[in-house]
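Single-structure report; data block below.
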Amino acid sequence: MRHRTRKLLFEPGDVSAAPSVLRVRPAPPPPTGPGPEDEVALDLEPRELWIAAHVPQLSLLALSAGSSAGPLVVLDEARNPRIVDADARAQAAGVRPGMMLAAAFATAPDIDARPRDAARELALMKRLAGTAAAFTPQVSIEPPDGLLLEIKPSIRLFGGLKELCRRLRDACLADAAFARSGVQPHFTLAPTALAALAAARGGARCFITDPRQLPARLKLLPVGVLRWPEEANARLLAMGVRTLGELLRLPRAGFARRFGPATLADLDRLLGRRADPRRRLTRRERYVGRLDLDHEIEDHDRILEALRPLLDELAQFLRARQRGITALQCRFHHYRAAPTTCALRLAAPEADAARLQSLLRERLANLRFPEPVRRCELRGGAPTDRPLTSKSLWSAGERGHAPANEMPALIEHLRARLGADAVYGLRGVPEHRPENAQAVAEPALAPVVSTPRVGPGAGPDDGKTSTSLPFRRPLWLLHAPQELGSQRGRPRHGGPLQLLAGPERIESGWWDGADVQRDYYVASDTRGARFWIYRECMGARKWFLQGIFG
Amino acid sequence: MLETHEKQLEELLAHPSVWRGRSRAAVETFSTGFAALDAGLPGGGWPRHGLVEILTPHLGVGELYLLLPVLAALSRLLPARWCTWVSPPHEPFAPALTAHGVALDRMLIVRTHLPLWAHEQALRSGACEVALAWLPRASPRAVRRLQLAAEQGRALGVLYRSQRFASEASPAMLRVLLEPTLVAGQHGARLHLLKSRGGSREPIDLTWAEPSA
Chain C
0 MRHRTRKLLF
10 EPGDVSAAPS
20 VLRVRPAPPP
30 PTGPGPEDEV
40 ALDLEPRELW
50 IAAHVPQLSL
60 LALSAGSSAG
70 PLVVLDEARN
80 PRIVDADARA
90 QAAGVRPGMM
100 LAAAFATAPD
110 IDARPRDAAR
120 ELALMKRLAG
130 TAAAFTPQVS
140 IEPPDGLLLE
150 IKPSIRLFGG
160 LKELCRRLRD
170 ACLADAAFAR
180 SGVQPHFTLA
190 PTALAALAAA
200 RGGARCFITD
210 PRQLPARLKL
220 LPVGVLRWPE
230 EANARLLAMG
240 VRTLGELLRL
250 PRAGFARRFG
260 PATLADLDRL
270 LGRRADPRRR
280 LTRRERYVGR
290 LDLDHEIEDH
300 DRILEALRPL
310 LDELAQFLRA
320 RQRGITALQC
330 RFHHYRAAPT
340 TCALRLAAPE
350 ADAARLQSLL
360 RERLANLRFP
370 EPVRRCELRG
380 GAPTDRPLTS
390 KSLWSAGERG
400 HAPANEMPAL
410 IEHLRARLGA
420 DAVYGLRGVP
430 EHRPENAQAV
440 AEPALAPVVS
450 TPRVGPGAGP
460 DDGKTSTSLP
470 FRRPLWLLHA
480 PQELGSQRGR
490 PRHGGPLQLL
500 AGPERIESGW
510 WDGADVQRDY
520 YVASDTRGAR
530 FWIYRECMGA
540 RKWFLQGIFG
Chain H
0 MLETHEKQLE
10 ELLAHPSVWR
20 GRSRAAVETF
30 STGFAALDAG
40 LPGGGWPRHG
50 LVEILTPHLG
60 VGELYLLLPV
70 LAALSRLLPA
80 RWCTWVSPPH
90 EPFAPALTAH
100 GVALDRMLIV
110 RTHLPLWAHE
120 QALRSGACEV
130 ALAWLPRASP
140 RAVRRLQLAA
150 EQGRALGVLY
160 RSQRFASEAS
170 PAMLRVLLEP
180 TLVAGQHGAR
190 LHLLKSRGGS
200 REPIDLTWAE
210 PSA
């Protein structure tokens, strides 16, 4: 009995204290009952290990956040409300769960009766699930008050089962709700999800890793822990079946006939004879932090200073998930004026508080508050995976240094101050019309090129076509062609222009409405600057300046 | 006796932190792509990091042609750092850059009313190999800041300024004045080194290369 010798966290309850009634009935031959079939080839290593956490008096816990006047009592949503839970003071006054409200009032007139708050209960469970998610990705909430974790794959990571359980427990108990109320969730460990859950609900101490021990360990638990419908429980009670042990001894076929195959499947899941997949709790996690300022602040630096705790919290939130954010929204609330918002977009996922603060500083520099700020709100965008990189041995610019995140950092920094449109890359477009031959592109922040490009002009976009251009192209392109004066058909720009090369006719775009028919020339002025000019082939045959040979 | 003194003096002057006018300073450089210019510049090329001022009388004298070989070579290094253009007077024409062998995916353009700030950020960041900036005006103090930023970020900073500032003092490492050559049929420029640590005193004539068809 390996599990006995260890001094473990969820120590099983003392089995010898079982009522003797349960022992007198001899065990029926296993194959007939819903109990364990004698499986010889059960490997010692369980396939799964589940930890269940049951929060007793969850409804009470969810409501007790605020202080209550009298003894607190929680009601269900029925028309004739019954007491779901009563706190210690109410219980001392004689109120018991299951009482009708009227009876409770008769017993203790000063009770503070409130309907249960399902949303807050769920929020509390979700918070707990979030804490548990640090230990395993397989976390699910069993409504309303149970939490299930599959931890088998995480055992080695956390240095053994015992250590994992200890840390999980410590992490969960650190939650404010438990610290305040003194209520603690009950943890159990079992090879099947349902068994762990049942034991947790029953309040039994359960720490089993061997599936073969399950029937023996569960047999003392009341049938109610399975949370079957009231009607089924009543029928079982009428049959004299009160514990799981008694239940498991019932004949399988008869049980299925009386209670339905779904109920039997539940028992099979309980003992691990049937797969029991659970839906993972995937949370759309966003960071939202709020901060009420002690004084109204208008000074940007002081606001940034005040935001620092929130940013630290955000960074910690992201670090724990190994993720980063690419968007951050800051909202500043004022007394009368509408809130001022300031959105930050990042080129690459970021999780560093100092970096975010310096970006916010640039962003705030452009922001003017209509009134002093009373309250700040920070909303992180969707967290995305952040590739973790090692620090480089070389500093930036040294040979051997592989540029990693300096560029995203620079782009963010510039954009934070100048706006997103002010910083861009260029992309060639295979087009004859010069004004359409290039486009603004998002800077290619992909990891540094590692494929050697062959020869000049073999760029990713348009290499070949441009390289083989038989005509010269200027290095500067004017944003819009500039009309030139002309004198006796000769173009002028400052002085008369001398045509050096041309014409090169570009005729294109009849299909999209921006039809051009132009004769392009290379021209030089008296000062030696070279221009790329064209003359329209249509209409007034005006001269235009479109480019400069830098 | 005199000989030993001279020898001691030589040793003292050979110290790397001592710079004597017109002596070739030991700087890390890369080739400009023009043989004549390489021969004239201290160290045989553009400094690897530091600030270079290029003064031009007007746009279109070859201010980009002068740097094209460098841009092409640097943007194709592996791994390549970036080339940032801070508030260029017009849009750099992508097909022409590609034709000259410049990799477009390492080019970043910044349009700003704060060119000085943006240029300093680009130089200091360590993300850029070259940062070009067109500044309408810059005080010697601002230029000094840029020079320090370029050294810190190990980048080559290029400052395009008007010829008007040629007479002003500047903390830049290298100052170059470009003048168009007015010879018919020749596309080139004459280059004067206004300030250099041991560069050529003579003007250097350059002819701009066109991409081979």
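If you read the sequences in order, they're chains C and H. FYI, the numbering for the first sequence is 0 to 549, going by numbering that gives the first Met the number 0. FYI, the numbering for the second sequence is 0 to 212, going by numbering that gives the first Met the number 0. Ideal placement from N, C-alpha and C gives every residue a C-beta, glycine not left out.
Neighbour flag for residue i against chain C, beta carbons, 8 Å
| i | result |
| --- | --- |
| residue 110 (chain H) | yes |
| residue 34 (chain H) | no |
| residue 146 (chain H) | no |
| residue 241 (chain H) | Within the shown structure, residues of chain H are numbered from 0 to 212, placing residue 241 (chain H) beyond reach of any answer. |
| residue 37 (chain H) | no |
| residue 59 (chain H) | yes |
| residue 2 (chain H) | no |
| residue 191 (chain H) | no |
| residue 170 (chain H) | no |
| residue 31 (chain H) | no |
| residue 180 (chain H) | yes |
| residue 28 (chain H) | no |
Distance between beta carbons of residue j and residue i, contact taken as under 8 Å
| i | j | result |
| --- | --- | --- |
| residue 146 (chain H) | residue 55 (chain H) | About 20 Å separates the two Cβ atoms, so there is no contact after all. |
| residue 243 (chain C) | residue 222 (chain C) | 6 Å |
| residue 155 (chain H) | residue 128 (chain H) | 7 Å |
| residue 60 (chain H) | residue 178 (chain H) | 7 Å |
CB contact below 8 Å: residue i versus chain H
| i | result |
| --- | --- |
| residue 120 (chain C) | no |
| residue 451 (chain C) | Its pLDDT being 43, under 50, residue 451 (chain C) is placed unreliably in this model, and the value from its coordinates should be taken loosely. Yes, contact with chain H. |
| residue 425 (chain C) | yes |
| residue 419 (chain C) | no |
| residue 551 (chain C) | As shown, chain C starts at 0 and ends at 549. That puts residue 551 (chain C) outside it, with no answer to give. |
| residue 481 (chain C) | no |
| residue 344 (chain C) | no |
| residue 443 (chain C) | yes |
| residue 413 (chain C) | yes |
| residue 40 (chain C) | No answer about residue 40 (chain C) holds up, because its pLDDT of 38 lies below 50 and its placement is not dependable. |
| residue 473 (chain C) | yes |
| residue 436 (chain C) | yes |
| residue 461 (chain C) | Any reading at residue 461 (chain C) must be qualified, since the residue scores a pLDDT of 38, below 50, and its modelled position is unreliable; no value is offered. |
| residue 528 (chain C) | yes |
Partners in chain B for residue i, counting only beta-carbon separations shorter than 7 Å
| i | result |
| --- | --- |
| residue 476 (chain C) | Absent from the structure is chain B; the protein chains it does hold are C and H. |
Length of the line joining the Cα atoms of residue i and residue j
| i | j | result |
| --- | --- | --- |
| residue 266 (chain C) | residue 56 (chain C) | 26 Å |
| residue 124 (chain C) | residue 117 (chain C) | 11 Å |
| residue 159 (chain H) | residue 171 (chain H) | 12 Å |
| residue 21 (chain C) | residue 214 (chain C) | Caution applies to residue 21 (chain C), whose pLDDT of 34 falls short of 50 and renders its modelled position unreliable; the model cannot decide the point. |
| residue 537 (chain C) | residue 494 (chain C) | 25 Å |
| residue 440 (chain C) | residue 513 (chain C) | 22 Å |
| residue 390 (chain C) | residue 125 (chain H) | 14 Å |
| residue 73 (chain C) | residue 365 (chain C) | 52 Å |
| residue 199 (chain H) | residue 35 (chain H) | 10 Å |
| residue 137 (chain C) | residue 192 (chain C) | 11 Å |
| residue 496 (chain C) | residue 205 (chain H) | 23 Å |
| residue 121 (chain C) | residue 217 (chain C) | 28 Å |
| residue 286 (chain C) | residue 321 (chain C) | 14 Å |
| residue 253 (chain C) | residue 259 (chain C) | 9 Å |
| residue 111 (chain C) | residue 409 (chain C) | 59 Å |
| residue 49 (chain C) | residue 146 (chain C) | 10 Å |
| residue 67 (chain H) | residue 99 (chain H) | 7 Å |
- Quick one: which residues of the segment 350–379 of chain C get their C-beta closer than 7 Å to a C-beta of chain H? List them in chain order. none
- Task: Would you check if the segment 339–356 of chain C and the segment 311–320 of chain C touch, i.e. whether three or more CB-CB distances between them fall below 8 Å?
- Result: yes
- Query: Can you list, in chain order, the residues of the segment 489–522 of chain C whose Cβ is nearer than 7 Å to any Cβ on chain H?
  - Reply: none
- Message: Quick test of the definition: if touching needs 3 or more C-beta pairs under 8 Å, does the segment 79–94 of chain H touch the segment 185–199 of chain H?
- Response: no
- Task: Closer than 7 Å, Cβ to Cβ, to anything on chain H: give me those residues from the segment 534–548 of chain C, in chain order.
- Result: 546, 547 and 548
- Message: Using a Cβ-Cβ cutoff of 9 Å, what residues of the segment 281–308 of chain C are near chain H? List them in chain order.
- Response: none
- Task: Pair every Cβ in the segment 101–111 of chain H with every Cβ in the segment 417–431 of chain C, then say whether three or more of these pairs are closer than 8 Å.
- Result: yes
- Message: Under 8 Å: do the segment 34–45 of chain H and the segment 525–533 of chain C share three or more Cβ pairs, one atom per stretch?
- Response: no
- Is the segment 183–194 of chain C close to the segment 158–172 of chain C, with three or more CB pairs under 8 Å? yes
- Task: Mind the definition here: the segment 97–113 of chain C touches the segment 125–144 of chain C only if three or more C-beta pairs lie below 8 Å; say whether that holds.
- Result: no
- Message: Three or more C-beta pairs under 8 Å: does that hold for the segment 376–385 of chain C against the segment 315–335 of chain C?
- Response: yes
- Task: For the segment 128–141 of chain C, enumerate the residues whose C-beta is nearer than 8 Å to any C-beta of chain H, in chain order.
- Result: none
- Where the segment 114–125 of chain H meets chain C: residues whose CB sits under 7 Å from a CB there: 117, 120, 121, 124 and 125
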